[in-house]
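In our numbering, each residue's number is its place in the sequence shown (first place is 1) plus 954. Even for Gly, the Cβ is constructed at its ideal location relative to N, Cα and C. These numbers come from a predicted model, not from an experiment.
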Amino acid sequence: MGMEDPTCRLLSKTFPWEAPEARNLSLTIQQAIQADIYSYGLLLAKIFLDGNCPLDEEFDIVYPTTPRHDPTAVEQLKSDHDLTLASRLVARLETVKCYNLDQIARLGAILEATLAKDSKGRIKCISHVVGELDKGSEQSTNPSPDKRHPV
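Dropping the structure here:
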């Protein structure tokens, strides 16, 4: 008989930061790691957007008549919309005008790697994201005069 993946039970979730698959209260260890990576991607998006919630503006566009804190609508926003959440966030980064095109491309790659709808499409380890962020800090040790963020 084959050995099954060990599971863990989610004791709590933080709305709206949980991954789409976190609706299940019982996940394998790998699924729980992937859910954490998704949450980390949302946290990074909030940082990249200067502290603005990454879901608020998207929610207002996709569901203009629904209260922002409707859990069902937020879950749909994360998993059912045609465009990926990461690509919509990259479009928002372009409007912030504090990142150059190279930085937006790298941030977009990080968001795509952490916010994939399907957990199997996400990176397997947060250290890969940290490595990508470290590359950016090495490239931009001197801040430019136009206040672009070092990434």
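Taking the straight line between their C-alpha atoms, what separation do you get for residue 1047 and residue 962?
Position 93 of the sequence shown holds residue 1047. Position 8 of the sequence shown holds residue 962. One C-alpha to the other measures close to 35 Å.
Start and end of the beta strand (DSSP E) containing residue 982?
Taking the first residue of the sequence shown as position 1, residue 982 is located at position 28. Note, residue 982: beta strand (DSSP E), 980 to 982.
Closest by C-alpha distance to residue 1067, when choosing among 990, 1003, 1052, 1005
Counting from 1 along the sequence shown, the entry for residue 1067 is found at position 113. When each option's Cα is compared against that of residue 1067, the closest is 990.
Looking only at C-alpha atoms, which of 980, 1002, 995 sits nearest to residue 970?
For this step, residue 970 is matched to residue 16 along the sequence shown. Selected option, being the one with the closest Cα: 995.
By DSSP, does residue 1068 sit in helix, in strand, or in coil?
Residue numbering aside, residue 1068 sits at position 114 when the sequence shown is read from its first letter. Of the three classes helix, strand and coil, the one that applies to residue 1068 here is helix, per DSSP.
Measure the alpha-carbon distance for residue 895 versus residue 1078 and round it to whole angstroms.
Limits of the chain in this structure are 955 at one end and 1105 at the other, which puts residue 895 out of reach.
Smallest Cα separation from residue 1070: which of 973, 960, 1082?
Here residue 1070 is taken as the residue at index 116 of the sequence shown, counted from 1. Of the listed residues, the one whose Cα sits closest to residue 1070 is 973.
Those residues which DSSP pairs with residue 1038 across a bridge
For the purposes of this step, residue 1038 is identified with residue 84 of the sequence shown, where counting begins at 1. Answer is none; residue 1038 lacks a bridge partner.
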